[in-house]
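Enquirer: Residue numbers (our numbering): 88 to 426.
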Amino acid sequence: MLSFKIETLIKETWISVKKRAFGQEILDQTLIQLNLQHAVNLFGIRVRTSRGRCKWLHLRNTISGEFKNYTALTLRVKFYIQPQQLDVNTRKYLYRQLLQDLRDGTLKPSSQEQAIQLVTLIAQAHHGPGSERNTTADSIFETYCKMLTPETEVSEDVLQRIMGFCKKMSGLSKRQAQMKLLELASTLPLYGFERHVTGNTLGIIALLIGSSGLKIEYDRHGRTLSIPFSEMMRITQDGGKVDINTCQVGQSPRCLTVRMCDKDQANAAYRSLGEMKTFYHDDEVPASVRDMAEQSFIGKKYVFDVTATLRQIEDQAQRSHNTMRIVRDVVDSFSRGTF
88 MLSFKIETLI
98 KETWISVKKR
108 AFGQEILDQT
118 LIQLNLQHAV
128 NLFGIRVRTS
138 RGRCKWLHLR
148 NTISGEFKNY
158 TALTLRVKFY
168 IQPQQLDVNT
178 RKYLYRQLLQ
188 DLRDGTLKPS
198 SQEQAIQLVT
208 LIAQAHHGPG
218 SERNTTADSI
228 FETYCKMLTP
238 ETEVSEDVLQ
248 RIMGFCKKMS
258 GLSKRQAQMK
268 LLELASTLPL
278 YGFERHVTGN
288 TLGIIALLIG
298 SSGLKIEYDR
308 HGRTLSIPFS
318 EMMRITQDGG
328 KVDINTCQVG
338 QSPRCLTVRM
348 CDKDQANAAY
358 RSLGEMKTFY
368 HDDEVPASVR
378 DMAEQSFIGK
388 KYVFDVTATL
398 RQIEDQAQRS
408 HNTMRIVRDV
418 VDSFSRGTF
């Protein structure tokens, strides 16, 4: 048996699996311990290597060779959906994950106003209704200033705006403030995006992959180029590079070749593009993604790791909602004696 420590945002979690276990067993055990198993399609285990790079643990392959030179295993929400579609426990976990991303700077507000609203909602979610706390604009700013945009100055105007928004939100419970923060965070430009550093091909320094498609980050003046999934016709990996074939309406097909830092980084970006495109753009997981595999010295290895699409998850949530509504109606009918 092998034992692994999984870093989570709730508590330190240890799990034990057999040497030939599949990655799914590690995820399942972790989610069960944290009572998050109802959202298994949204979570993943992120593996950090000794070189400081990250990749997702593949759930459908055996763990043999997956943990070479790793330093940490972390449970994270991998696929982002609208907060109101999440169960309570998953919503709480996503809230903590977004706080961490805001502190780390991997998720940033796009304006000063968004920054002020974010830090105020975080304070409200931490302290609760106004009657239960005693905070000032200065203390809120000092605690959460790292989440503000770099241009934000500690001016009297900023402090006044913080207090003004505090008064508007003062009646919210901790749970309501968390929900409002999640809804605001879901509108941020990089909400749910993964960043993959490149080998600086043609001035491209990173690929940002998320729900709306691909954002290409250049090294000049923060310039970015967006390519929606609907324009991507074919994605392939060849060693340390990724080829993205695109076609816009009324234009000739084009191929963008991006050289990554190494083969592992290219594979991580290729996997992310395939999985994100399937999850957010397709109605169901196509056979080409579900069954794509390669042979290795330890046997057959699946390339992609996505078991459901956003559409399928939303449909399932709607069916569950309708079922609960029918059950409530039946119970109400019995209680009124009208059934």
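Note that the Cβ used here is the ideal one computed from N, Cα and C, for glycine as well.
Hey, how far is the Cα of D349 from the Cα of V329?
Expert: Translated into the one-based positions of the sequence shown, residue 349 becomes position 262. Translated into the one-based positions of the sequence shown, residue 329 becomes position 242. In a straight line, the C-alpha of D349 is about 11 Å away from that of V329.
Enquirer: Can you check which of these residues, T333, M347 and G309, is closest to G327 by C-alpha distance?
Expert: Taking the first residue of the sequence shown as position 1, residue 327 is located at position 240. If we check each option's Cα against that of G327, M347 comes out closest.
Enquirer: On a Cα-Cα basis, can you pick out the residue from A356, A212, K195 and L186 that is closest to L259?
Expert: Numbered from its first residue, the sequence shown carries residue 259 at position 172. It is A212.
Enquirer: For the alpha helix (DSSP H) that I413 lies in, which residues bound it at each end?
Expert: Working through the sequence shown from its first residue, we reach residue 413 at position 326. Segment L397 to R423, the alpha helix (DSSP H) holding I413.
Enquirer: Please classify G279 as buried or exposed, where buried requires at least 16 other C-beta atoms within 10 Å of its C-beta.
Expert: Translated into positions along the sequence shown, residue 279 becomes position 192. Counting Cβ neighbours within 10 Å, G279 comes out buried, since at least 16 surround it.
Enquirer: Does the beta-carbon of L162, which I'm using as the reference point, lie nearer than 7 Å to any heavy atom of the ligand FAD?
Expert: With respect to the ligand FAD, the structure shown offers nothing to examine, as it has no ligands at all.
Enquirer: Is it buried or exposed, P373, if we count other Cβ atoms within 10 angstroms and call 16 or more buried?
Expert: For the purposes of this step, residue 373 is identified with residue 286 of the sequence shown, where counting begins at 1. Classification for P373: exposed.
Enquirer: Does G386 have its Cβ less than 8 Å from a Cβ in chain B?
Expert: Looking for chain B here will not work: only one protein chain is present.
Enquirer: Near M319, what residues of its chain come up, given a Cβ to Cβ distance below 8 Å and the 5 sequence neighbours on each side ignored?
Expert: What you label residue 319 is simply residue 232 of the sequence shown in a count that begins at 1. G300, L301, I331, N332, T333, L360 and K364.
Enquirer: Looking only at its own chain, which residues have a Cβ that is under 6 Å from the Cβ of S218, when we skip the five neighbours before and after it?
Expert: Position 131 of the sequence shown, counted from the first residue, corresponds to residue 218. Note on S218: pLDDT 43, under 50, position unreliable in the model; no value is reported.
Enquirer: In this structure, what does DSSP give as the bridge partners for L118?
Expert: Locating residue 118 in the sequence shown gives position 31, counting from the first residue. Answer is none; L118 lacks a bridge partner.
Enquirer: Anyone know if the C-beta pair for H283 and L294 falls short of 8 Å?
Expert: Position 196 of the sequence shown, counted from the first residue, corresponds to residue 283. Position 207 of the sequence shown, counted from the first residue, corresponds to residue 294. The answer is yes: Cβ separation under 8 Å.
Enquirer: L208 and L271 - do their beta-carbons sit closer together than 8 Å?
Expert: Along the sequence shown, read from residue 1 onward, the residue named residue 271 stands at position 184. Along the sequence shown, read from residue 1 onward, the residue named residue 208 stands at position 121. Yes, they are a contact pair.
Enquirer: Taking the alpha carbon of V390 as the point to measure from, which residue in H408, A353 and Q403 has its own alpha carbon closest?
Expert: Numbered from 1 along the sequence shown, position 303 holds the residue referred to as residue 390. Out of H408, A353 and Q403, A353 has the C-alpha closest to the C-alpha of V390.
Enquirer: Which term fits Q338, buried or exposed, when burial requires 16 or more other beta carbons within 10 angstroms of its beta carbon?
Expert: Along the sequence shown, one-based indexing puts residue 338 at 251. The residue in question, Q338, is exposed, as its Cβ has fewer than 16 Cβ neighbours within 10 Å.
Enquirer: Within 10 Å of its beta-carbon, does K165 have 16 or more other beta-carbons around it, so buried, or fewer, so exposed?
Expert: Against the sequence shown, residue 165 aligns to sequence position 78. When all chains shown are included, K165 counts as buried.
Enquirer: Is Q324 helix, strand or coil when you go by DSSP?
Expert: Here residue 324 is taken as the residue at index 237 of the sequence shown, counted from 1. Reduced to three states, the DSSP call for Q324 is strand.
Enquirer: Check whether the stretch 117 to 129 touches the stretch 89 to 106, counting contact only when three or more Cβ pairs, one atom from each stretch, lie closer than 8 Å.
Expert: Flag = yes, the stretch 117 to 129 and the stretch 89 to 106 touch.
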